[in-house]
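Residue numbers (the UniProt record's numbering): 1 to 704. See structure below.
This is the structure in structure tokens:
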């Protein structure tokens with residue numbers, strides 16, 4: 001602890017030489033503020049209960065107990081009643097007096113001390129600088145060992161030139177400042193010690209992860225499932241890959257796993273994201289070049305060709321550079337309209353695509369049908385650049401209200417223009433959409449004609465070149481006449497009639513109650529009484545090894561009232577194993593949902609809360625029913641059309657078990673009623689479409 005605190009307690013010497021690079025002002029900015037009296041030695045920052053648990057090496061429940069049991073526990077200085085924030089300095093002092101012989105996690109203390117040394121706006125630059133130092137340690141461990149044996153003054157003199165020389169080969173010479181004050185050397189030594197214990201990659205991932213937890217909106221990461229699908233569509237054997245909007249670098253990182261020798265190129269408009277990604281990849285390989293800047297306005301790789309281009313570009317960006325880029329040579333297929341920035345990204349990708357290469361871009365569905373872009377879409381088809389459009393299910397990309405699409409492009413060759421384009425619609429296959437898309441693309445690439453009703457079809461280019469050039473896949477998929485028989489329609493009618501009869505019988509009967517309202521008790525009070533335990537799951541940390549061999553219960557599983565279907569890549573930060581009778585609640589929903597599990601043995605996935613009642617004193621169905629009731633909805637946070645559900649704010653009545661079971665039985669029947677009603681609505685919709693298609697195809701006709 002002393003060595004960690006030393007790195008921030010002794011910052012008191014002015015910096016002789018300041019690096020002109022704005023990204024490196026953090027090494028000297030705090031020193032100048034101290035000299036001018038504008039800042040204390042250490043900034044006091046706020047920490048949450050989760051931060052305190054990490055600093056103490058305990059669970060969240062222990063922190064809650066400390067707040068109740070210890071009168072001297074620091075009072076909140078910010079946050080909200082459900083998520084209070086505390087002064088780090090006050091927590092530091094309190095833990096020093098109550099550590100009770102425990103070993104406090106040095107990495108967590110180091111992270112919090114990093115937060116106290118610079119403003120939040122400069123924290124990412126500091127992490128990137130420390131990452132550049134770790135790149136040096138990765139390549140020159142022996143040289144660092146010899147240098148670190150000297151005094152702090154000797155390290156401060158010798159370190160910058162050595163780190164910059166090493167980074168010039170992998171990141172860039174500007175990845176590290178030209179000068180480092182002596183007072184920063186203890187911080188560098190602390191990072192080196194942590195790297196010796198955890199490894200350079202894991203140390204940087206730890207700092208990066210903690211940063212993005214504090215700045216959740218700084219960089220958007222493409223979902224892991226979409227990244228995997230994108231690279232599956234690209235295929236194997238690529239020697240180079242470019243991501244012109246690389247963000248956190250997830251696509252390039254996964255590409256490196258598949259092709260360790262591949263050359264990686266990336267650019268991002270956010271210079272902080274670019275720096276962090278450049279260091280992250282440099283700690284894993286020596287063949288990555290990541291540059292900051294706007295790829296459309298200031299292409300960092302002019303003339304570079306890659307075997308694969310992958311990209312999740314920014315959508316609906318009207319300020320993409322239309323006015324200054326009207327004569328850009330990349331617009332080989334036409335000048336992108338001002339309102340069509342996605343078509344600029346498509347042509348940017350094609351401009352960097354080597355012959356025989358493949359580009360895969362994630363696109364909003366409107367790009368396929370906007371009238372302003374029909375001429376460019378027509379040229380992409382006529383010249384054979386666009387090879388496939390794949391519609392994804394809604395929800396495949398979280399927090400997006402529509403189902404996105406993947407466009408697959410190839411560099412046109414002189415051997416002739418392809419006669420067909422693959423259209424795939426996976427919206428009806430949310431459970432295996434990736435396998436459906438990859439299977440169809442590989443079949444198409446093998447030269448086979450596809451026509452799977454409602455899913456995929458090889459469409460002649462000439463059929464797409466009408467006035468609208470609408471590339472929405474669903475427009476071109478066929479409906480199999482074999483599925484439109486009168487027998488099938490009659491069977492569907494019979495099943496619907498049976499289901500509707502069942503639905504009517506599921507609705508429970510209730511009686512009038514006295515006017516007195518039920519007395520409600522806050523859920524934390526029930527926890528205190530030992531009536532239930534609450535666990536809340538968060539996403540796993542980057543690089544964290546997931547638990548294998550067990551299915552993962554996801555938010556989608558709970559919403560669809562089904563068994564666990566997630567794989568290890570969906571696992572959360574902690575291995576929480578479900579049991580029968582557990583109540584699981586999604587944390588962000590359009591309407592509160594609580595599922596009582598009938599099976600256990602699955603891992604709890606991210607963004608889920610688990611409540612484990614003691615069945616002797618609390619009925620699970622009673623608990624689930626009240627959690628979803630409107631009396632509790634008012635306690636949750638409204639977010640536009642959704643709710644952020646914090647179950648700890650819920651209130652429940654405390655009733656005898658006999659009464660709880662009666663309530664629970666009614667809630668259970670209501671859950672079955674809602675489920676059957678949804679099934680009947682879906683079946684009715686399918687039957688309506690089936691009859692209409694049967695009439696249109698001539699498989700059935702109206703009764704005379």
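Ideal Cβ positions, reconstructed from N, Cα and C, are used throughout, including at glycine.
Any idea which residues DSSP pairs residue 423 with across the strands?
On the chain shown, residue 423 is found 423 positions in, with the first residue counted as 1. DSSP lists 389 and 457 as partners of residue 423.
Give a yes or no on whether the C-beta atoms belonging to residue 173 and residue 164 are separated by under 7 angstroms.
Residue mapping note: residue 173 aligns to position 173 of the chain shown, counting from 1. Residue mapping note: residue 164 aligns to position 164 of the chain shown, counting from 1. Yes, the Cβ-Cβ distance between residue 173 and residue 164 is below 7 angstroms.
Check whether the Cβ atoms of residue 227 and residue 254 sit closer than 7 angstroms, and answer yes or no.
Counting from one through the chain shown, the residue named residue 227 turns up at place 227. Counting from one through the chain shown, the residue named residue 254 turns up at place 254. Yes, Cβ-Cβ distance for residue 227 and residue 254 is below 7 angstroms.
By how many angstroms is the C-alpha of residue 610 removed from the C-alpha of residue 663?
Here residue 663 is taken as the residue at index 663 of the chain shown, counted from 1. Here residue 610 is taken as the residue at index 610 of the chain shown, counted from 1. Those two C-alpha atoms are separated by around 21 angstroms.
Own chain partners of residue 538 with C-beta closer than 7 angstroms, once the 5 adjacent residues on each side are dropped
Here residue 538 refers to the residue found at position 538 of the chain shown. The answer, listed in chain order, is 572, 573 and 606.
Taking the alpha-carbon of residue 185 as reference, which of 269, 170, 152 and 129 has the nearest alpha-carbon?
Counting from one through the chain shown, the residue named residue 185 turns up at place 185. For the residues 269, 170, 152 and 129, the minimum Cα distance to residue 185 belongs to 152.
Residue 670 - DSSP class collapsed to helix/strand/coil
Taking the chain shown and counting its residues from 1, the one referred to as residue 670 is at position 670. Looking at residue 670 - three-state DSSP - the assignment turns out to be helix.
Rounded straight-line distance, which links the Cα of residue 213 to that of residue 485:
As a working note, residue 485 is residue 485 in the chain shown. As a working note, residue 213 is residue 213 in the chain shown. Near 55 angstroms, if we compare the C-alpha coordinates of residue 213 and residue 485.
Write down every uninterrupted run of the alpha helix (DSSP H) in the segment 201-254 whose length is 4 residues or greater and which is fully enclosed by it, in chain order.
224-234
So for residue 687, helix, strand or coil by DSSP?
Position 687 of the chain shown, counting from 1, holds the residue named residue 687. Residue state, collapsed to three classes: helix.
Give the C-beta separation of residue 377 and residue 471 to the nearest angstrom, bearing in mind that I take them to be a contact with Cβ-Cβ under 8 angstroms.
Here residue 377 corresponds to residue number 377 of the chain shown, with the count starting at 1. Here residue 471 corresponds to residue number 471 of the chain shown, with the count starting at 1. Right, the Cβ-Cβ distance comes to about 6 angstroms (below 8 angstroms), so this counts as a contact.
At least three beta-carbon pairs within less than 8 angstroms, the segment 114-129 to the segment 260-269:
no
Between the Cα of residue 366 and the Cα atoms of 349, 407 and 360, which residue gives the shortest distance?
If you number the chain shown from 1, residue 366 lands on position 366. When each option's Cα is compared against that of residue 366, the closest is 407.
Checking the sheet assignment: what are the DSSP bridge partners for residue 268?
For the purposes of this step, residue 268 is identified with residue 268 of the chain shown, where counting begins at 1. DSSP, once it has assigned bridges, lists 292 as partnering residue 268.
Tell me whether residue 336 sits in a helix, a strand or coil according to DSSP, three-state version.
Within the chain shown, residue 336 is the residue found at index 336, counting from 1. Of the three classes helix, strand and coil, the one that applies to residue 336 here is coil, per DSSP.
Quick one: give me the first and last residue of the alpha helix (DSSP H) that residue 342 is part of.
Walking along the chain shown from the start, residue 342 turns up at place 342. Counting along the chain, the alpha helix (DSSP H) containing residue 342 begins and ends at 341-351.
What does the alpha-carbon distance come out to for the pair residue 252 and residue 349?
As a working note, residue 252 is residue 252 in the chain shown. As a working note, residue 349 is residue 349 in the chain shown. Approximately 15 angstroms between the Cα atoms of the pair.
Buried versus exposed, by CB contacts within 10 Å (16 or more), residue 385:
Within the chain shown, numbered from 1, the residue matching residue 385 stands at position 385. Answer is buried; the Cβ neighbour count reaches 16.
Quick one: is residue 243 near chain B, going by C-beta distance under 7 angstroms?
The structure shown contains no chain B; it holds only a single protein chain.
Helix, strand or coil at residue 331 according to DSSP, with G and I counted as helix
For this step, residue 331 is matched to residue 331 along the chain shown. It is coil, neither helix nor strand.
Cutoff 7 angstroms; reference residue 295; Cβ partners in own chain excluding five residues on either side
Taking the chain shown and counting its residues from 1, the one referred to as residue 295 is at position 295. Taken in chain order, the residues that qualify are 244, 245, 267 and 348.
Reduced DSSP secondary structure (H/G/I, E/B, other) of residue 394:
The residue you call residue 394 lines up with position 394 of the chain shown. Three-state DSSP puts residue 394 in coil, outside helix and strand.
Please return the same chain residues whose Cβ sits closer than 7 angstroms to the Cβ of residue 460, not counting the five positions on each side in sequence.
Numbered from 1 along the chain shown, position 460 holds the residue referred to as residue 460. If we look at residue 460 and ignore the five residues flanking it on each side, its Cβ neighbours are 419 and 420.
My guess is that residue 457 and residue 478 are in contact by the Cβ rule of under 8 angstroms, so how many angstroms apart are they, rounded?
The sequence position of residue 457 within the chain shown is 457, counting from 1. The sequence position of residue 478 within the chain shown is 478, counting from 1. Yes, residue 457 and residue 478 are in contact; Cβ-Cβ is about 6 angstroms, under 8 angstroms.
Under the rule that 16 or more other beta-carbon atoms within 10 Å means buried, what is residue 535, buried or exposed?
Residue 535 sits at position 535 when you count from the first residue of the chain shown. Burial call: buried.
Between 643, 464 and 300, which lies nearest to residue 590 when the distance is taken from Cα to Cα?
One-based indexing of the chain shown puts residue 590 at position 590. It is 643 whose Cα lies nearest to the Cα of residue 590.
Should residue 428 go down as buried or exposed, given a rule of 16 or more other Cβ atoms within 10 Å for buried?
Reading the chain shown from its first residue, position 428 is the one you call residue 428. Exposed, because fewer than 16 other Cβ atoms sit within 10 Å of the Cβ of residue 428.
Does at least one heavy atom of the ligand ADP sit under 6 angstroms from the Cβ of residue 675?
Looking at this structure, you won't find the ligand ADP or any other ligand, since it has none at all.
Can you give the Cα-Cα distance for residue 236 and residue 344, rounded to whole angstroms?
Position 236 of the chain shown holds residue 236. Position 344 of the chain shown holds residue 344. One C-alpha to the other measures close to 27 angstroms.
If residue 364 and residue 402 are in contact, beta carbons under 8 angstroms, what's the gap, nearest whole angstrom?
Taking the first residue of the chain shown as 1, we reach residue 364 at position 364. Taking the first residue of the chain shown as 1, we reach residue 402 at position 402. Rounded, the Cβ-Cβ distance is 7 angstroms, consistent with contact.
C-alpha gap between residue 58 and residue 238, whole angstroms:
Residue numbering aside, residue 58 sits at position 58 when the chain shown is read from its first letter. Residue numbering aside, residue 238 sits at position 238 when the chain shown is read from its first letter. Between residue 58 and residue 238, the C-alpha separation is close to 46 angstroms.
Taking the alpha-carbon positions, what's the residue 684 to residue 558 distance?
Position 684 of the chain shown, counted from the start, is the residue given in the question as residue 684. Position 558 of the chain shown, counted from the start, is the residue given in the question as residue 558. When rounded, the distance between both Cα atoms is 23 angstroms.
Could you give the DSSP three-state label for residue 625: helix, strand or coil?
Residue mapping note: residue 625 aligns to position 625 of the chain shown, counting from 1. Helix, per DSSP.
Could you name each continuous alpha helix (DSSP H) segment of 4 residues or more that falls completely within the segment 494-535, going from the start of the chain to the end?
523-528
Are the beta-carbon atoms belonging to residue 321 and residue 506 less than 7 angstroms from one another?
To locate residue 321, count along the chain shown from 1; it is residue 321. To locate residue 506, count along the chain shown from 1; it is residue 506. In this structure, residue 506 does not lie closer than 7 angstroms to residue 321 by Cβ.
Can you have a look at residue 352 and say buried or exposed, based on whether 16 or more other CB atoms are within 10 angstroms of its CB?
What you label residue 352 is simply residue 352 of the chain shown in a count that begins at 1. Looking at its Cβ environment, which holds 16 or more other Cβ atoms inside 10 Å, residue 352 is buried.
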